Amino acid sequence: MRHFFSFSLLIALIAGTMAANAQTPYKLKSLPYSTSALEPYIDTQTMEIHYGKHHQAYVDNLNKALEGSDLRRTKLEDLFKQASTLPPAVRNNAGGHWNHTFFWEAMTDSKSRREIPSKVQKKIEQEFGSLEVFKEQFQKAGLAQFGSGWVWLIQTPDKRLAITTTPNQDNPLMDSATLKGTPLLACDIWEHAYYLKYQNKRADYITGFWSVVDWKRVGEKLK
Ligand code: MN3
290 MRHFFSFSLL
300 IALIAGTMAA
310 NAQTPYKLKS
320 LPYSTSALEP
330 YIDTQTMEIH
340 YGKHHQAYVD
350 NLNKALEGSD
360 LRRTKLEDLF
370 KQASTLPPAV
380 RNNAGGHWNH
390 TFFWEAMTDS
400 KSRREIPSKV
410 QKKIEQEFGS
420 LEVFKEQFQK
430 AGLAQFGSGW
440 VWLIQTPDKR
450 LAITTTPNQD
460 NPLMDSATLK
470 GTPLLACDIW
480 EHAYYLKYQN
490 KRADYITGFW
500 SVVDWKRVGE
510 KLK
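In terms of this note's numbering, the sequence shown opens at residue 290 and continues consecutively.
Set out below in C-alpha cells:
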C-alpha cells in the first residue's frame, strides 16, 4: 500500500510537471507562408523583421516575465480575462504574442482562401450594409487609433459583428477591452507593421491588407 501510494504520488508529480511544460516556455510558431508570400502588399523585409524580431521579442519577454510565476500554468486566453490585474510586462507580451500569432493566420497567400465565403459576405452585409462600407469603417477605425494598436472585426457575445480598436498589445479578449468579443480578423497598426514600405501612409497599408486577408478563416471563426 505504501509503495502504491508513493507511486501514484510520483505519477501526479510527473503529470504536474508536464502540464506546466505544456504552457511554457512559449515558442514562436512557424509562419503559414514564406516571408515573401504576401508581396507586394506586405513586403519581405517587413515580414522578416516583424515576425523574426518583433514577434520573437514578445515571446522571449513573455517567457522572462513569467519565470517562476504561477501564471505560466494559465492559458493566454484565460490570462486575458484578468488582464487588468496582470503586471504590465505579462499583459503586453502575452498580448503581443497572441495578437501576432492571430494576425499571421489572418492573412494568406492562397488565392482560394482570399475569396470571401457567401455566409461571411451575407453576415457583413446584414451588419454593415455592404462589404465596401465594412472595409471603409474598418479602415477609418484603424486610422483613428492614435499611436500603436490594433483594429479588429469581432463577434460579440450576442452574435453580432463589430469593429473595434485596442491600444498597444491589448485585444478584445481582455477584461479591460471597451468592446469584448471573439476576434474574427485583425490588422496590426503599429508603425513597425508598415513603415518600411508605406512610411506614414497607414491608409494605403490597410488597403493593401484587404488583398491578403484569409476570408475563409473568418468564415471558420464565425459562429
Ligand atoms: Mn506588430
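Just so it is clear, CB atoms sit at the ideal spot from N, CA and C, and this is done for glycine as well. Since the model is a prediction, treat every value here as computed from it, not as a measurement.
DSSP places ILE338 in the uninterrupted alpha helix (DSSP H) bounded by 333 to 338. The beta carbon of TRP387 sits no closer than 7 angstroms to any heavy atom of the ligand MN3. Listed in chain order, the non-local C-beta contacts of ASN381 below 7 angstroms within the same chain comprise ASN457 and GLN458, local neighbours out to five positions each way being set aside. The beta carbon of HIS386 is closer than 8 angstroms to those of TYR315, HIS344, TYR347, VAL348, LEU351 and LEU365 in its chain, skipping five residues each way along the sequence. The alpha-carbon separation between THR445 and GLN434 amounts to approximately 20 angstroms. In the same chain as GLY384, and ignoring 5 residues on each side of it, the C-beta atoms closer than 6 angstroms to its own belong to GLN458, ASP459 and ASN460, in chain order. The ligand MN3 has a heavy atom closer than 7 angstroms to the beta-carbon of ALA482. For TRP441, the shortest separation between its Cβ and any heavy atom of the ligand MN3 does not lie below 7 angstroms. The beta carbons of LEU511 and VAL409 sit about 6 angstroms from each other, so the pair counts as a contact at 8 angstroms.
For TRP479, the shortest C-beta to heavy atom distance toward the ligand MN3 is below 7 angstroms.
Straight-line measurement puts the Cα of ILE452 at about 8 angstroms from the Cα of GLN426. Its chain contains CYS476 as the residues whose beta carbon lies nearer than 6 angstroms to that of PHE498, once the 5 sequence neighbours on both sides are disregarded; these appear in chain order. If you check the CB distance, HIS481 and HIS339 come in under 8 angstroms. A distance below 8 angstroms between beta-carbons, with the five flanking residues on each side excluded, links GLU414 to the following residues of its chain, in chain order: LEU420.
GLN488 is classed as exposed because its beta carbon has fewer than 16 other beta carbons within 10 Å across all chains shown.
Within the same chain, Cβ atoms closer than 8 angstroms to the Cβ of TRP504 are found at ARG402, ARG403, GLU404, ILE405, PRO406 and VAL409, the five residues on either side in sequence being excluded.
Here ALA395 carries a coil assignment [DSSP, helix/strand/coil]. Going by DSSP, ILE495 is part of no beta strand (DSSP E) but of the alpha helix (DSSP H) stretching over 491 to 499.
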